[in-house]
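Novice:
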Amino acid sequence: MTIADRDHDHESTGGASLLILGASGDLAARLLMPGLGGLLTHEPHRRVQLIGAGTETYTDEEWTERVRTSLASVDASGDAVDDLLARTRYVTADVTRADDLRGLVEACDDAPALYFALPPAITAKACEQLEQVDLPRGTVLGLEKPFGTDAESAHRLNEQVRKLVPEEQVHRVDHFLGRATVLNLLGLRFANRLIEPMLSNRDVESIEIVYDEQLGLEDRARYYDGAGAMVDMIQSHLLQVLAFLTMDPPATIGPVDLRDQKGLLLRAVHLWDDDPVASSRRARYTAGSVDGRELRSYADEKGVDPSRGTETLAEVVVEIATMRWAGVPITLRSGKALASRRREILVTFKRVAHTPPEFSGGGEPDRLRICLAPDEMSLELNVNGPGDPMELDRASLRTEFNAGTLTAYGEVLSGLLDGDPTLSVRGDTAEQCWRIVEPMVAAWRDGDVPLDEYAAGSDGPEGWATSHS
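The sequence shown begins at 0 in numbering that gives the first Met the number 0 and counts up by one.
1) Buried or exposed, going by whether 16 or more other CB atoms sit within 10 Å of the CB of R283?
2) DSSP three-state call for G326: helix, strand or coil?
3) Pick helix, strand or coil for T68, following the three-state DSSP scheme.
4) What residue range does the alpha helix (DSSP H) around Q48 cover?
5) Take R86 as the anchor and find which of D259, L17, S395, V164 has the nearest alpha-carbon.
6) How long is the line joining the alpha carbons of D259 and T245, rounded to whole angstroms?
7) Would you give the residue range spanned by the beta strand (DSSP E) that C370 belongs to?
8) With H, G and I counted as helix, E and B as strand and the rest as coil, what does DSSP make of M232?
9) Just to confirm, are R46 and A79 a CB contact at a threshold of 8 Å?
10) Who are the Cβ neighbours of G384 in its own chain at under 8 Å, not counting the five residues just before and after it?
11) Measuring CB to CB, does G334 end up less than 8 Å from D451?
12) Is the separation between the beta-carbon of I208 and that of V240 shorter than 8 Å?
13) Pick from A320, G287, P275: whose alpha carbon is nearest that of A313?
14) When the Cα atoms are used, what is the spatial distance from P119 to E343?
15) Smallest Cα separation from L38: which of C432, S413, M322, L216?
16) For A325, which residues from the same chain have a beta carbon less than 8 Å from its beta carbon, with the 5 sequence-adjacent residues on both sides left out?
17) So L134 packs on V164, CB below 8 Å; how close in whole Å?
18) For A22, which residues in the same chain have their Cβ closer than 7 Å to its Cβ, ignoring the five residues on either side in sequence?
19) Taking DSSP's pairing of strands, which residues face G360 in a bridge?
20) Would you call the CB atoms of A15 and D109 closer than 8 Å?
21) Mind checking whether R67 and L84 have CB atoms under 8 Å apart?
22) How big is the Cα-Cα spacing for E195 and L185?
23) Check for me: the alpha helix (DSSP H) holding A125 runs from which residue to which?
24) Do the region 427-436 and the region 150-157 meet, that is, are 3 or more Cβ pairs less than 8 Å apart?
25) Beta carbon of T421, beta carbon of P248: below 8 Å?
26) Using only the alpha-carbon positions, how far apart do F175 and R332 sit?
27) Name the two residues that bound the continuous beta strand (DSSP E) containing F175.
28) Do you know how far the Cα of A407 is from the Cα of E42?
29) L84 lies in the alpha helix (DSSP H); which residues open and close that run?
30) Tell me, which residues are paired with H546 by DSSP?
31) Buried or exposed: L339, going by 16 or more other Cβ atoms within 10 Å of its Cβ?
32) With which residues is E343 paired in a DSSP beta bridge?
33) If Q477 sits next to L337, beta carbons under 8 Å apart, how far is it from one beta carbon to the other, in whole angstroms?
34) Let me know if S469 comes out buried or exposed under the rule of 16 or more other beta-carbons within 10 Å of its beta-carbon.
35) Do G36 and S69 come within 8 Å of each other at the CB atom, strictly closer than that value?
36) Taking DSSP's pairing of strands, which residues face A282 in a bridge?
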């Protein structure tokens with residue numbers, strides 16, 4: 000069940016203003032506006048005033064057509080969509096100037112939801128200038144990852160945004176938290192007597208959370224070359240998934256209880272053996288072929304600075320220092336330009352203490368596999384074979400999850416416009432995620448962990464142990 004699904008019995012009938020800073024960029028056109036279109040199609044009584052802002056110049060007709068094209072990508076339609084298109088407007092502005100920001104806020108009919116579709120440095124400058132703007136009561140801020148560049152900068156940015164609005168009105172966006180599959184972890188864990196007691200160091204041998212892609216850089220050098228696989232995926236998305244999978248049961252799934260439990264869990268996470276060198280690996284792809292597509296070496300991609308040593312594949316092993324999880328290695332891995340797409344959580348259980356010697360085969364441990372795309376899960380077990388009942392075989396019990404009604408960004412915008420921070424990252428949690436990876440970042444920066452190479456279209460560098468794919 001998604002948060003949006005839960006709340007659809009109480010559709011909004013009031014108005015809201017969504018102000019997108021950086022509205023001419025790819026994020027707005029490819030993800031935000033289609034997400035908004037899906038939300039409005041599903042909730043035809045919702046009314047949203049959309050104002051775009053940026054340094055580029057558009058006529059009213061050009062901007063409306065840009066919005067219309069984005070909405071058409073998800074077949075958005077209905078009264079709410081028509082109303083949005085009739086009222087939307089674009090303002091050319093420098094979002095690092097207080098006067099320009101003041102004019103944008105005044106153009107909003109309702110207390111605005113400000114979405115910062117901007118690079119982190121520009122977002123920080125805009126937040127500083129907003130101190131000089133009289134923000135209406137109820138203003139909400141939506142900030143994209145990465146939130147800061149390290150724990151210290153994240154802390155400074157937290158202090159800055161809290162000068163503007165209360166913490167519960169700051170939505171640090173992680174669109175992975177809008178994925179129906181991730182939200183379905185709550186139902187799988189906390190509504191099943193068989194599953195929840197099994198998720199602890201008593202029964203679990205190891206956990207892998209993997210997000211491997213076949214895609215290469217895809218013209219994202221401006222962002223990706225300054226982030227890499229670790230910041231792009233592990234420090235943000237995968238640590239959040241880890242928290243959902245391993246946190247203690249909350250009393251409710253309201254924003255306070257849910258985010259309290261996530262915060263408690265992440266405070267207990269640390270690198271395996273507190274050794275950033277032994278617990279982490281990194282690599283970068285070279286030229287190769289992926290699914291029939293020829294990819295050039297990452298270092299030769301347009302906009303890439305090879306001297307940065309940006310990794311396109313990262314892996315780290317962490318531990319949760321609690322009574323429930325101590326001693327269980329948890330591997331977080333993400334990479335680009337790999338042979339196959341693997342997006343899943345894999346929980347490997349401990350082997351049984353004793354198997355009667357009369358049985359043969361069936362030596363594999365039980366595994367719970369939760370796919371993030373496509374949305375499904377399977378429980379892999381040993382069972383008696385179809386021929387000789389004394390010969391054990393493997394069976395997989397499979398089911399599909401509810402895919403949800405909205406896209407990830409539709410879920411994000413639903414929470415933003417309704418002032419519901421359940422799916423957003425709380426300030427202290429954002430700082431904890433940086434705290435966890437900082438020793439690893441320092442070791443990489445000092446060259447203590449080699450930057451391995453792998454051919455695009457391969458499974459990764461030679462010598463890297465393969466996971467249970």
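Glycine included, every Cβ here is placed at the ideal spot set by N, Cα and C.
Specialist: So, to answer that:
1) The residue is buried, with at least 16 neighbouring Cβ atoms inside 10 Å.
2) G326 carries a coil assignment under DSSP once its states are collapsed to helix, strand and coil.
3) Note: T68 maps to helix in three-state DSSP.
4) From DSSP, Q48 is part of no alpha helix (DSSP H) but of the beta strand (DSSP E) over 46-53.
5) Ranking D259, L17, S395, V164 by Cα distance to R86 puts L17 first.
6) Answer to the nearest angstrom: the Cα atoms are 13 Å apart.
7) Where C370 is concerned, the enclosing beta strand (DSSP E) stretches over 366-371.
8) Helix, per DSSP.
9) For R46 and A79, yes; Cβs fall inside 8 Å.
10) Correct list, in chain order: G360, E390, L391, D392.
11) Going by C-beta atoms, G334 is not nearer than 8 Å to D451.
12) It is a contact, given that the beta carbons lie within the stated cut-off.
13) Comparing C-alpha distances from A313 to each of A320, G287, P275 shows the shortest one belongs to P275.
14) Rounded to the nearest whole angstrom, the C-alpha separation of P119 and E343 is 29 Å.
15) Measuring from the Cα of L38, the nearest candidate turns out to be S413.
16) Closer than 8 Å at Cβ, skipping near neighbours: N200, E318, I319.
17) With a Cβ gap of about 7 Å, L134 and V164 count as contacting.
18) Closer than 7 Å at Cβ, skipping near neighbours: G51, A52, G53, Y89, A116.
19) Looking at the DSSP output, G360 shares a beta bridge with L391.
20) Judged by beta-carbon spacing, D109 lies within the 8 Å limit of A15, meaning their Cβ atoms are closer than that value.
21) Result yes, Cβ atoms of R67 and L84 sit closer than 8 Å.
22) The C-alpha of E195 lies about 10 Å from the C-alpha of L185.
23) Segment 119-129, the alpha helix (DSSP H) holding A125.
24) In this structure the region 427-436 touches the region 150-157; the number of beta carbon pairs closer than 8 Å is three or more.
25) The answer is no: Cβ separation not under 8 Å.
26) The alpha-carbon atoms of F175 and R332 are separated by roughly 15 Å.
27) No beta strand (DSSP E) holds F175; DSSP gives it neither H nor E.
28) If I take the Cα positions, the gap works out to 16 Å.
29) L84 -> alpha helix (DSSP H) spans 78-86.
30) Residue 546 lies beyond the residue range present for the chain, which begins at 0 and ends at 468; the question has no answer from this structure.
31) The sequence given here places Ser at residue 339; Leu does not occur at that position. Label assigned to S339: exposed.
32) Residue pairing by DSSP places E343 opposite V209, C370 in a beta bridge.
33) The question about residue 477 has no answer, for the chain in this structure spans 0 to 468.
34) In the structure as shown, the chain begins at 0 and stops at 468. Residue 469 is therefore absent and cannot be evaluated.
35) In terms of Cβ geometry, S69 and G36 form a close pair [threshold 8 Å].
36) Answer by DSSP bridge pairing, in chain order: L312, D451.
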